Amino acid sequence: MGDWQSYSLSDFLLFSSRTYYRLFELANNAFWPGPLLAYAIGLLLLLVIWRRPPSHERITAVALGLAWICSGWIFVWQHYSVINWTANYIAPLFWLEGSVLLLIAVSKTGVTLPPINTPSTRTLFILLAGILLFYPLGALLFGRSLSSAEIYGIAPDPTALATVIVLLIATGRTRWLLMIIPAIWCLISALTMWAMHAQ
Amino acid sequence: MNVTRRSLLIGTAAAGFAAGFPRAQAQSLASVRKVIPSSGETVPAVGLGTWTTFNVGNDPVLLDESAAVMAAFFAAGGRMIDSSPMYGSSQTTIGFGLKKQGVPENLFSAEKIWISDPREGPEQIAQSKAYWGVPTFDLMQIHNLVSWQKHLETLRQMKSDGQLRYIGITTSHGRRHAELEKIMATEPLDFVQLTYNPVDREAEARLLPLAREKGIAIIVNRPFQRGSLLRRVSGQSLPDYAVEISARTWAQLILKYVISHPAVTCAIPATTRVDHVKENMATASGSWPDAELRARIEHTIAAL
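So the protein lines, in turn, are chains A and Y. The numbering used here puts the first residue of the first sequence at 135, with every later residue one more than the last. The numbering used here puts the first residue of the second sequence at 491, with every later residue one more than the last.
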């Protein structure tokens, strides 16, 4: 049997699930009341996409861009990298995604958001609302305290998932490029969850 | 026949552990010590691993829990703690625990060098010492054979300069045994670390006999397959024969199996819990499985 075939996914996991989920509590506490502000920005994002006020595309790009930069800094760089050295290489990807989204906000090109008036956009919008409003409550569902809630703009998973959904709602070729890093993170996170729960 | 501490050490060093200690014999030893062949020094047969369990970052709650595990380990007579730069924040967690309770005089610090560029080896070792808060390491091992030729030169020099007491090399999961065998046969080593348990027994064929022949101490990692072996037996009744060797839990039965192999010097189970570390340390008392009982343990677990 070759060396690589003898590895299982959990062999690459450097930490336990208790340590991983405690990171969210530590990050939320360290930046309190930041999590409340982040949650409010998530609500604003929903409202902007639904109501389409002037500059709604620019506001959306700013809200997404800031979320990636903050999440990359607060969670990935300051907390996750302490227990997982590969996060040192992941954080710059978060900042790259955030910077490109902010550039798009400034340049006002690339991503167009259509009205939420078709079955597919409505479905995606409901999913987005679920991520932004209810994802943090998942902590309670899995027996953790609300202080370890995963909130958009701080925790990477809701940030990446919300971004993917907004980009699926959007039109324009640029959105596919913007989806690369969120998709990579979603894959990494899914594999991490798989490995943690396989232990 | 009662076994005294003296006879236990002699039995371990000379005749071999399993051969020297018939099962079902009563002992009053707090902990069993095994001999490091290259020096004659003895170490308790149960150590403390830190892979995953001690990678807790800056979390104050989990750092305190880890320090409590270390305190319980030392209180139960433990000496050897093993870590690696690859284990995330495990080294700083050990440093936290040692600072909190003070560095025990009899600490046996086992570390690893894990860097592909051999020129950066000494710097990494210095960093590891700073994380632990110790002036020197007892044992420095080359992690997973990474750049082992050059690192071995560095470690030999450090040993001859008195900066290390022992040098070794590690592997895990039964990987690269052929290469490890060549190294063991040709290079002077004090320690080899490898995976061994009732299910992962590849090392029995060549490496463990070679270790005895060459006088190399063996540290066993993954005695519980990172917990999966314990999950496999979870809920199953402990076999009746476990009482003959005073094993009250599956963990103790498995650990007794591992450390009763005559070539094994120390097993390093990792845990986050004080009750588990006490349970592990209690393994090193009582009686030990002989060859027949070891075979029964293998068959019992294989059937589950």
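Ideal Cβ placement from N, Cα and C applies to all residues, glycine included. Note that the structure is a prediction, hence the values are computed from the model and not measured.
Does residue i come within less than 8 angstroms of chain A when only Cβ atoms are used?
i: Y:ASP628; result: no
i: Y:VAL546; result: yes
i: Y:LEU635; result: no
i: Y:ASP765; result: no
i: Y:THR762; result: yes
i: Y:THR685; result: no
i: Y:THR543; result: yes
i: Y:ASP549; result: yes
i: Y:GLN515; result: The predicted model places Y:GLN515 with a pLDDT of 38, which falls under 50 and marks its position as unreliable; any figure quoted below should be read in that light. False, the Cβ-Cβ gap to chain A never drops below 8 angstroms.
At the level of alpha carbons, what is the spacing between residue i and residue j?
i: A:VAL240; j: Y:ALA562; result: 58 angstroms
i: Y:SER618; j: Y:VAL593; result: 15 angstroms
i: A:ILE299; j: A:MET330; result: 26 angstroms
i: A:PRO169; j: A:ILE288; result: 7 angstroms
i: A:PHE276; j: A:LEU325; result: 18 angstroms
i: A:TRP328; j: Y:ARG784; result: 35 angstroms
i: A:TRP178; j: A:ILE265; result: First, the residue type needs correcting, since residue 178 of chain A is Leu and not Trp in the sequence shown. Cα to Cα, the separation comes out at about 13 angstroms.
i: Y:ILE632; j: A:THR297; result: 43 angstroms
i: Y:PHE598; j: A:ALA172; result: 48 angstroms
i: Y:ALA520; j: Y:PRO534; result: Because the pLDDT of Y:ALA520 is 44, which lies under 50, any placement of that residue in the model is unreliable, and the number read from its coordinates should be weighed accordingly. Each residue's Cα considered, the two are about 10 angstroms apart.
i: Y:TYR577; j: Y:ASN545; result: 6 angstroms
i: A:ASN218; j: A:TRP229; result: 18 angstroms
i: Y:TRP541; j: Y:THR790; result: 28 angstroms
i: Y:PRO527; j: Y:ARG738; result: 31 angstroms
i: A:VAL245; j: Y:GLU692; result: 57 angstroms
i: A:GLY206; j: A:PRO290; result: 7 angstroms
i: A:SER254; j: Y:THR660; result: 55 angstroms
i: Y:GLY705; j: Y:PRO625; result: 27 angstroms
i: Y:ALA514; j: Y:LEU698; result: Low confidence applies to Y:ALA514: its pLDDT is 39, below 50, so where it sits in the model is not reliable enough to give any reading.
i: Y:GLY585; j: A:LEU247; result: 53 angstroms
i: A:LEU227; j: A:ARG256; result: 30 angstroms
i: Y:GLY664; j: A:TRP211; result: 34 angstroms
i: Y:THR755; j: A:TYR154; result: 33 angstroms
i: A:ASN163; j: Y:LEU552; result: 16 angstroms
i: Y:ASN711; j: Y:GLU669; result: 18 angstroms
i: Y:ASP651; j: A:LEU311; result: 56 angstroms
i: Y:VAL767; j: Y:ALA792; result: 25 angstroms
i: Y:GLY547; j: A:PRO249; result: 45 angstroms
Applying the 10 Å Cβ sphere with the 16-neighbour rule, what's the burial state of residue i?
i: Y:ASP607; result: exposed
i: A:LYS360; result: Since the first residue of chain A shown is 135 and the last is 333, residue 360 of chain A is not available in this structure.
i: Y:ASP730; result: exposed
i: Y:ASP765; result: exposed
i: Y:ARG523; result: buried
i: Y:GLY530; result: exposed
i: A:ALA225; result: buried
i: Y:GLN726; result: exposed
i: Y:VAL733; result: exposed
i: Y:SER518; result: With a pLDDT of only 32 at Y:SER518, under the threshold of 50, the placement of this residue in the model should not be trusted; the figure read from the coordinates follows. Exposed, since its Cβ has fewer than 16 Cβ neighbours within 10 Å.
i: Y:THR676; result: exposed
i: A:SER215; result: buried
i: A:THR252; result: exposed
i: A:SER189; result: exposed
i: Y:SER580; result: buried
i: A:SER281; result: exposed
i: Y:ILE709; result: buried
i: A:LEU321; result: exposed
Report the neighbours of residue i on chain B: residues whose CB is nearer than 7 angstroms to its CB, in chain order.
i: A:TRP219; result: Note that chain B does not occur in the displayed structure, where the protein chains are A and Y.
Would residue i pass as an interface residue toward chain Y - the criterion being a Cβ-Cβ separation below 8 angstroms?
i: A:VAL216; result: yes
i: A:HIS213; result: yes
i: A:TRP328; result: no
Opposite residue i in the DSSP bridges: which residues?
i: Y:PRO608; result: BP columns for Y:PRO608 are empty, so no partner.
i: Y:LYS602; result: Y:GLN631
i: A:TYR286; result: A:ALA289
i: Y:ASP572; result: Y:ALA600
i: Y:ARG523; result: Y:PRO534
i: Y:PHE681; result: Y:GLY658, Y:ALA707
i: A:GLY246; result: For clarity, residue 246 of chain A is Thr in the given sequence; the question names Gly instead. In DSSP, A:THR246 forms a bridge with A:THR305.
i: Y:VAL733; result: The partner list for Y:VAL733 (beta bridge, DSSP) is empty, contrary to what the question assumes.
i: Y:VAL754; result: Y:ILE708
Is there at least one non-hydrogen atom of the ligand SAM closer than 7 angstroms to the beta-carbon of residue i?
i: A:ALA221; result: Ligands are entirely absent from the displayed structure, and the ligand SAM is therefore not among its contents.
message: Give me the subset of the segment 147-167 of chain A whose CB atoms are less than 8 angstroms from a CB atom of chain Y, sorted by chain position.
response: LEU147, LEU148, PHE149, SER150, ARG152, THR153, ARG156, LEU157, LEU160
- prompt: Using a Cβ cut-off of 8 angstroms, which residues of the segment 551-563 of chain Y contact any Cβ in chain A, in chain order?
  reply: The segment 551-563 of chain Y vs chain A, Cβ under 8 angstroms: VAL551, LEU552.
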